[in-house]
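First residue of the sequence shown: 1496, per the working numbering; consecutive thereafter.
Accompanying notes for the structure given below.
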Amino acid sequence: MANDVIVIGAGIIGAACARALAVAGVAVTVVDRGTTASGTSAACEGNLLVSDKGPGYELQLAQYASSLWDGTVARLREELGRGFPSLEFDRKGGLVVATTAAGARPLLDFAALQRGAGVEARVLDAAEARELEPDLTHSFQAAVFYPEDAQVQPAIATDALMASAQQHGARLLENTPVSGGIRDSSGALVGVQTPQGPLRASRVLIAAGPWSGEVAELLGVALPVRPRRGELLVTSRMPHRIFHKVYDGDYVGAVGSDAGDLQVSSVVESTAAGTVLIGSSRQQKGFDSRLEVEVLGQLAAKALRLFPFLAGAQVMRSYGGFRPFMPDHLPLIGEDPRLPGLWHATGHEGAGIGLSLATAELVRDLMLGTPTRIDAAPFQASRASLLPHLTGVAA
């Protein structure tokens, strides 16, 4: 049994893992070179989706996570009190539409496959779709409603999970970069080096999102996590005219694509504050954080195809962030067989907010040697689809 764990990364994955372990009685120290939610978790939409995942392991993880959010939000509210900001959790449901005739059949076929895997996916006619979204374009060919889809304010959710972890005894060391690993005489990882001094623990968990590859290299292993850049637009506040998470069916293809060049698909939704979030783009260009006018223009143009009334909206700001991309499109959760003492919880790409709670429970159960609710093997480093991308441990 792990009696103490160092978690590297104070984003939502690290915060959720720290909380799950601390609640279970494990001594946890979280370290981050920045502050809580200062990376990817503050630069995304807060999607909690099952609608964009086809049958398979990631969908199973998403369904597991979906079953945890309502109860976790309620418990966090009780633990942290009314003085803590609202997590803005809203199981609003997702409406996926095909805006072209060519996209209609793939969307309906995809929904049928999902229903076979237990996802609630309701095919709607035009009148039903516009009853849900009165301002939706009339130029769409098919629509599917996913009532299980939800939304949360990602930075606040991360802060809440971290605050709860601390209430249960976790220690948080912000502005504390990891500079290397500490190994015992057998070669096992037993801690990390920081500018403030060494930290020792039975296990070290990398939960550093798109920077996990850099951290892993510092500790002596190669990890094929790459950053995938995404951009978003935010409008000024307006009366609520969009009531669900609405996106074009081509978003599903963009999520699962291996392409490194720019891909833009339309995802539109209102926030509790009255703004409208407009996404999303995907592009592999390293850690280049410069905003590109071309990308923002494409986001706006595609959003207008779904909601023409947005032509009169003012854009208040834009922002972008990096998502941790894995070559086999599955997160990495569990122990690293190459280096005893090293564990991973990373590689969720754009689904990390939604998958965080289930990831944390898998990490907790695996570390404590208790049965997991779903099969954890597909997410571990020993899986066949990932082995070609791994190399041995550095001396």
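From the three backbone atoms N, C-alpha and C, an ideal C-beta is built for every residue, glycine too.
**Prompt:** Are any of the Cβ atoms in chain D nearer than 7 Å to that of Ser1674?
**Reply:** Any reference to chain D falls outside this structure, which holds one protein chain only.
**Message:** Using 7 Å as the threshold, is the C-beta distance between Val1639 and Ala1599 below it?
**Reply:** For Val1639 and Ala1599, no; Cβs fall outside 7 Å.
**Item:** Ordered list of beta strand (DSSP E) runs contained in the region 1629–1692, each at least 3 residues
**Value:** Annotation note: the region 1629–1692 contains the following uninterrupted beta strand (DSSP E) runs of length 3 or greater, listed N- to C-terminal: 1637–1641, 1666–1668, 1675–1678 and 1684–1689.
**Asked** Looking at C-alpha atoms only, which residue of Ser1546, Ala1703, Pro1693 and Leu1627 is the closest neighbour of Ala1513?
**Response** That would be Ala1703, whose Cα lies nearest to the Cα of Ala1513.
**Request:** For the alpha helix (DSSP H) holding Glu1540, just list the boundary residues, first then last.
**Result:** For Glu1540, there is no enclosing alpha helix (DSSP H), as DSSP marks it with neither H nor E.
**Item:** Met1657 versus Ile1869: straight-line alpha-carbon distance, rounded
**Value:** Between the C-alpha atoms of Met1657 and Ile1869 there is a straight-line separation of about 25 Å.
**Asked** Who are the near neighbours of Val1568 in its chain, counting only those whose CB is closer than 7 Å to its CB and skipping five residues on each side?
**Response** If the five residues before and after Val1568 are omitted, its C-beta is found closer than 7 Å to the C-beta atoms of Leu1582 and Phe1584, all from its own chain and listed in chain order.
**Asked** Using the C-alpha atoms, what's the distance from Thr1530 back to Glu1764?
**Response** Cα to Cα, Glu1764 sits roughly 28 Å from Thr1530.
**Message:** Between the alpha carbons of Arg1572 and Phe1579, how many angstroms are there, rounded?
**Reply:** So the alpha carbons of these two residues sit roughly 8 Å apart.
**Request:** Quick one: residues in its chain with C-beta nearer than 7 Å to the C-beta of Thr1653, no 5 flanking neighbours on either side, listed in chain order?
**Result:** So the list reads Gly1506, Ile1507, Ala1510, Thr1531, Ala1532 and Ser1536, once near-sequence residues are dropped.
**Request:** Would you tell me roughly how many angstroms separate the C-alpha atoms of Gln1691 and Val1741, rounded to the nearest one?
**Result:** Using only the alpha carbons, I get a separation of about 47 Å.
**Item:** Residues near Leu1882 in its chain [Cβ-Cβ closer than 7 Å; skip 5 each side]
**Value:** Correct list: empty, nothing qualifies.
**Asked** What are the complete alpha helix (DSSP H) segments, minimum 4 residues, inside the region 1804–1876?
**Response** Secondary structure in the region 1804–1876: the alpha helix (DSSP H) runs of 4 residues or longer, each lying completely within the stretch, are 1847–1863 in chain order.
**Message:** Looking at the secondary structure, which residues open and close the alpha helix (DSSP H) in which Ile1507 lies?
**Reply:** Per DSSP, Ile1507 belongs to the alpha helix (DSSP H) from Ile1507 to Val1518.
**Request:** Give the secondary structure of Lys1740 by DSSP, where H, G and I count as helix, E and B as strand, and everything else as coil.
**Result:** Of the three classes helix, strand and coil, the one that applies to Lys1740 here is strand, per DSSP.
**Item:** Status (buried if at least 16 other CB within 10 Å, exposed otherwise) for Gly1611
**Value:** Answer is exposed; the Cβ neighbour count stays below 16.
**Request:** Would you identify the three-state DSSP class for Lys1548, choosing helix, strand or coil?
**Result:** Annotated three-state conformation of Lys1548 is coil, per DSSP.
**Rounded straight-line distance, which links the Cα of Glu1626 to that of Ile1737** = Each residue's Cα considered, the two are about 11 Å apart.
**Message:** For the structure I just gave you, are there three or more beta carbon pairs, one from the region 1856–1869 and one from the region 1514–1530, closer than 8 Å?
**Reply:** Touching, yes.
**Request:** Going by CA-CA distance only, name the one from Ala1853, Cys1539 and Gly1715 that's closest to Ala1871.
**Result:** Taking each of Ala1853, Cys1539 and Gly1715 in turn and checking the Cα distance to Ala1871, the smallest one comes out for Ala1853.
**Prompt:** With a Cβ-Cβ cutoff of 7 Å, do Leu1728 and Ile1773 count as a contact?
**Reply:** Yes. Within cutoff.
**Message:** Using 8 Å for Cβ pairs, my map puts Leu1827 next to Gly1842. What's the rounded Cβ distance?
**Reply:** Contact annotation, Leu1827 with Gly1842: C-beta distance approximately 4 Å; criterion of less than 8 Å satisfied.
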